[in-house]
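Asks:
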Amino acid sequence: MLAGRALDVAPVLLNKVLVVGERAGRIVEVEAYEGADDPASHAYGGRTERNATMFGPAGHLYVYLSYGVHHCANVVCGEEGTATAVLLRAVEPVKGVAQMRAARLAARRDRDLTNGPGKLCEALGIDRSHDGVDLCDPRSTVRLVDDGIPPPPSPVRTPRIGISVAVEHPWRFCVPGSPYLSRVSVRSR
DNA sequence: CTTTGGATCGTCT
DNA sequence: GACGATCCAAAGG
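The first sequence begins at 20 in my numbering and counts up by one.
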């Protein structure tokens with residue numbers, strides 16, 4: 020299921036559940052990052068110490084530090100040796116909301132707990148120590164679970180957010196109408 | 001509601 | 001030495 024290109028895997032990840040210890044969230048927004056061909060990808064320009072996990076087997080978690088402040092989490096796709104991954108941009112809290120609240124004092128509304136790539140990592144407690152974990156191994160702290168709710172048949176597609184190159188590709192996928200998205204439409208920057 | 005600027009540091013050139 | 005796959009508070013409409 021995670022073996023293909025990020026572009027194909029991304030929409031399939033919608034409505035899957037990300038479980039971290041006692042906390043869990045339903046994925047409602049993702050972005051596809053292709054590897055060597057994608058100037059916006061961390062893997063563009065080749066393998067480095069930071070992005071090594073992206074070049075590993077599918078189904079593992081790639082976590083990096085953004086702006087020296089926040090962590091962001093990706094699901095690695097593709098064959099070993101290729102670097103294609105899906106950035107998790109927003110989830111709907113489904114379990115452990117009290118813990119998420121404690122971890123995110125800045126959140127005013129429940130939807131502010133996890134409606135952004137850095138926010139969801141802070142709420143769920145994901146950091147660089149989770150880089151490389153196998154999401155399909157039941158023993159892992161971070162897991163990806165299918166609870167039977169299928170992906171939306173017609174996900175909303177928009178350009179990716181926060182990048183300055185390859186902005187023309189509509190590689191952001193959202194669950195239509197979800198109140199837990201990071202943004203409904205793409206704003207300037 | 002929208003816009004703007006600052007924080008902060010690991011990573012790569 | 002420069003730059004982010006970001007977030008938040010503050011200020012203005």
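A virtual CB, placed ideally from N, CA and C, is assigned to each residue, including glycine.
DSSP three-state label for Asp57, please.
Replies: Translated into positions along the first sequence, residue 57 becomes position 38. In this structure, Asp57 counts as coil in the three-state DSSP scheme.
Asks: Could I get the ranges of all uninterrupted beta strand (DSSP E) runs contained in the segment 66-115, with 3 residues as the minimum, in chain order?
Replies: Taking only runs of at least 3 residues, the beta strand (DSSP E) segments lying wholly in the segment 66-115 are 80-85, 89-96 and 103-114.
Asks: Could you say if the segment 106-126 and the segment 40-48 meet the contact criterion of at least three C-beta pairs nearer than 8 Å?
Replies: Short answer: they touch.
Asks: Report the option in Pro30, Leu32, Leu200 and Leu84 whose CA atom is closest to the CA atom of Glu141.
Replies: Here the question's residue 141 lines up with position 122 in the first sequence. The candidate whose alpha carbon is nearest that of Glu141 is Leu84.
Asks: Quick test of your reading: Glu48 and Thr103, contact by CB under 8 Å. State the CB separation rounded to the nearest angstrom.
Replies: Numbered from 1 along the first sequence, position 29 holds the residue referred to as residue 48. Numbered from 1 along the first sequence, position 84 holds the residue referred to as residue 103. Going by Cβ atoms, the distance from Glu48 to Thr103 rounds to 18 Å, so no, they are not a contact pair.
Asks: Apply the 10 Å Cβ neighbour rule to Glu187 and answer buried if 16 or more other Cβ atoms are within range, or exposed otherwise.
Replies: For the purposes of this step, residue 187 is identified with residue 168 of the first sequence, where counting begins at 1. Per the 10 Å Cβ criterion, exposed.
Asks: The alpha helix (DSSP H) with Ala22 in it runs from where to where?
Replies: Translated into the one-based positions of the first sequence, residue 22 becomes position 3. It is not in any alpha helix (DSSP H) - Ala22 carries neither H nor E in the DSSP assignment.
Asks: With distance defined between alpha-carbon atoms, name the residue in Thr101, Cys96, Val95 and Cys91 nearest to Val110.
Replies: Residue 110 sits at position 91 when you count from the first residue of the first sequence. Of the candidates Thr101, Cys96, Val95 and Cys91, the one whose C-alpha sits nearest the C-alpha of Val110 is Cys91.
Asks: How is the alpha helix (DSSP H) around Ala142 delimited, first residue to last?
Replies: One-based indexing of the first sequence puts residue 142 at position 123. Here the alpha helix (DSSP H) through Ala142 covers Pro136 to Leu143.
Asks: If we call anything under 8 Å between Cβ atoms a contact, is Met73 one with Ala55?
Replies: Translated into the one-based positions of the first sequence, residue 73 becomes position 54. Translated into the one-based positions of the first sequence, residue 55 becomes position 36. Cβ atoms of Met73 and Ala55: not closer than 8 Å.
Asks: Alpha carbon to alpha carbon, how far is Pro169 from Val38? Give it in angstroms, no decimals.
Replies: On the first sequence, residue 38 is found 19 positions in, with the first residue counted as 1. On the first sequence, residue 169 is found 150 positions in, with the first residue counted as 1. Looking at the two C-alpha atoms, the distance is approximately 17 Å.
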